[in-house]
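Let me begin by presenting the structure, written as structure tokens, before commenting on it.
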Ligand SMILES: Cc1cc2nc3c(=O)[nH]c(=O)nc-3n(C[C@H](O)[C@H](O)[C@H](O)COP(=O)(O)OP(=O)(O)OC[C@H]3O[C@@H](n4cnc5c(N)ncnc54)[C@H](O)[C@@H]3O)c2cc1C
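Residue numbers (the numbering used here): 1 to 586.
In structure tokens form, the structure reads like this:
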């Protein structure tokens, strides 16, 4: 049977997997990346591309300290705080960032403003912990340019994905400022020209830029990246160490990996059976919508067959995000994750009873958790976001863009519901009209004074940052008083799971008794989150994915050597990476 021989097999081509592959390759190892989707990049390529990495140079220069970072993570993780893993992560940040900056095509950008999501918690910082990535020119990928996962369709404006921050603000202000309008016009013309002539625009932003840069480095280092190739089973050698895998769809059906296998195949938000066991809002497996790419629980199943276990300690089993799902006029299913959340002036969120249930300026993760709590007694979990005419025209609601774009399309595809008055809207969405009117009247009373006595919306810097900083007296609050009123239904979705494979601080997969499964590693959303269920700030998934990914790639040869030394000499297989070059035996 044909077997492909290598030192390290990486399963999954997202940020975690490619980071591990690059670090291993830089140690002189042979690596192969196997990706089950036809395109490279996974969820990482459709993401915002932010990394939450306290201890980076900029943060330290701004006065961030190790103690503050630990205090903050601890406050969010509660009982699920894992001091050893947090230490490994924080210790690893400076070296990992230096590696990506020095040895790869990744260029980080340090935004001036990126407040932690829980400014009310001890140790929170207004900026300095989150990084993003310089946009990329996709031509750096050569022939692989179109092998990269494209943007999330709903996140583009006619083919362009605005960068989170000033770029997005400029797009949102195009209806109010001539300068912004000019910038948007020029950007879109360039995007359209390149898309028509070259199939896809060259300029890549956000997570697509991150993955373009990582994959370009992998190409330059001659790392084979197989697409449409799924790992279906992990193989063990006669010592019990994981030593390869079976693959369907790749150039070879079996890969033998002398030093081990890195599972970076994502979480399980796309697997209804696993969700029923871990998501309290989805006990039937049909009440959750994930925008993630390829997160079908493969990491978990593959590892469980070799002794790995699911670690459910995080108090939230996933990083939540409210999402709206709808079908286009051609019948294609689309998902819009509402990551800007709903703290804009003139928008509120209500439940099926027409009552507000949370501070709408919370992060998408905390808002998702609040939705789940509010619906605990119900058999489905959803809410409505409501805007009056002013707010709709100025900000829109998520995918439904503001004036001057017409709203007919969003209404036609069922994304948006409109009612001339609040009571007409209430009837259309099936919410008690009296209660909704009372809720809005109560909200308006405070909003007119710039306060939200019920939930404290607009009471800290993070809330303001997610609002409209130019709106006074409070960037998050305005009355809803002009019809027509619009509503969007939101459900709970995830950006990746937080419950995941139990690992030790070396990212080795461990069994129920805590013993390492030799030769098997898990990073990214395949592994349990280091944040214990909390979502500290912009980049809470990609930060650890890249830091732990880098560490595994850096150390895998040393770990394998340790195992070999512990074995009696006659049992030790030949694992010297530099003398065993890859080959396909057929
Ligand atoms: C719209 C959006 C915006 C986001 N923005 C951010 C952000 O700015 N910062 C942040 O930190 N997080 C963000 N997230 C979350 C973040 O993108 C993900 O949690 C993260 O990308 C997960 O990285 P990963 O490497 O674990 O998995 P992925 O990037 O999803 O890669 C896993 C890959 O493994 C492949 N795979 C699965 N099974 C197999 C198999 N059997 N064989 C081979 N391959 C397999 C999958 O197809 C997939 O390509 C966002 C998410 C979304 C949806």
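All C-beta atoms in this analysis are idealised placements derived from N, C-alpha and C, irrespective of residue type, glycine included.
Item: Backbone CA spacing between residue 92 and residue 113 [nearest angstrom]; Value: 24 Å
Item: Of the residues 230, 11, 235 and 143, the one placed nearest residue 250, counting alpha carbons only; Value: 230
Item: Buried/exposed call for residue 609, threshold 16 Cβ in 10 Å; Value: Residue numbering for the chain in the displayed model covers 1 to 586; residue 609 lies beyond these limits and cannot be assessed.
Item: Distance, residue 122 Cα to residue 224 Cα; Value: 45 Å
Item: Close-in-space but distant-in-sequence residues of the same chain around residue 175 (CB under 7 Å, 5 per side omitted); Value: 402, 403 and 404
Item: Anticipated Cβ contact below 8 Å, residue 205 with residue 161, distance rounded; Value: 5 Å
Item: heavy atom of ligand 1 below 7 Å from residue 320 C-beta; Value: no
Item: Contact under 8 Å by Cβ, residue 342 with residue 372; Value: no
Item: DSSP-derived helix/strand/coil call for residue 448; Value: coil
Item: Delimiting residues of the alpha helix (DSSP H) encompassing residue 67; Value: 66 to 77
Item: Residue(s) in a DSSP beta bridge with residue 588; Value: Here the chain covers residues 1 to 586 and nothing more, so residue 588 does not appear.
Item: Pairwise C-alpha distance: residue 294 and residue 26; Value: 27 Å
Item: Rounded C-alpha distance that separates residue 254 from residue 455; Value: 56 Å
Item: Assumed close pair residue 522, residue 504 - CB separation to whole angstroms, cut-off 8 Å; Value: Rounded, the Cβ-Cβ distance is 10 Å, inconsistent with contact.
Item: Beta-carbon proximity list for residue 19, same chain, < 6 Å, skipping 5 on both sides; Value: 546, 549 and 550
Item: DSSP state of residue 395 mapped onto helix, strand, coil; Value: helix
Item: Check: residue 295 C-beta below 7 Å from any heavy atom of ligand 1; Value: yes
Item: Start and end residues, alpha helix (DSSP H) containing residue 363; Value: Careful: residue 363 lies outside any alpha helix (DSSP H) and carries neither H nor E.
Item: Near ligand 1: residue 524 beta-carbon under 7 Å from a heavy atom; Value: yes
Item: Whether residue 306 touches residue 236 by CB criterion (8 Å); Value: yes
Item: Three-state secondary structure assigned by DSSP to residue 19; Value: helix
Item: Within 8 Å, strictly: CB atoms of residue 71 and residue 318; Value: no
Item: Inter-residue spacing [alpha-carbon to alpha-carbon] between residue 96 and residue 406; Value: 46 Å
Item: Limits of the unbroken alpha helix (DSSP H) element including residue 408; Value: 408 to 412
Item: Simplified DSSP state of residue 129, which is helix, strand or coil; Value: coil
Item: Residues that residue 337 bridges to, as DSSP identifies them; Value: 323
Item: Three-state secondary structure (DSSP) of residue 203; Value: strand
Item: With 16 other Cβ atoms within 10 Å as the buried cut-off, status of residue 197; Value: exposed
Item: 6 Å CB neighbourhood of residue 534 in its chain, flanking five on each side removed; Value: 76 and 77
Item: Contact between the region 120 to 136 and the region 146 to 165 (3+ Cβ pairs under 8 Å); Value: yes
Item: beta-carbon residue 92 near ligand 1 non-hydrogen atom, thresh 7 Å; Value: no
Item: Close-in-space but distant-in-sequence residues of the same chain around residue 180 (CB under 7 Å, 5 per side omitted); Value: 170, 173 and 174
Item: Bridge-paired residues (DSSP) for residue 40; Value: 148
Item: DSSP three-state assignment for residue 316, whether helix, strand or coil; Value: coil
Item: C-beta atoms of residue 264 and residue 17 nearer than 8 Å; Value: yes
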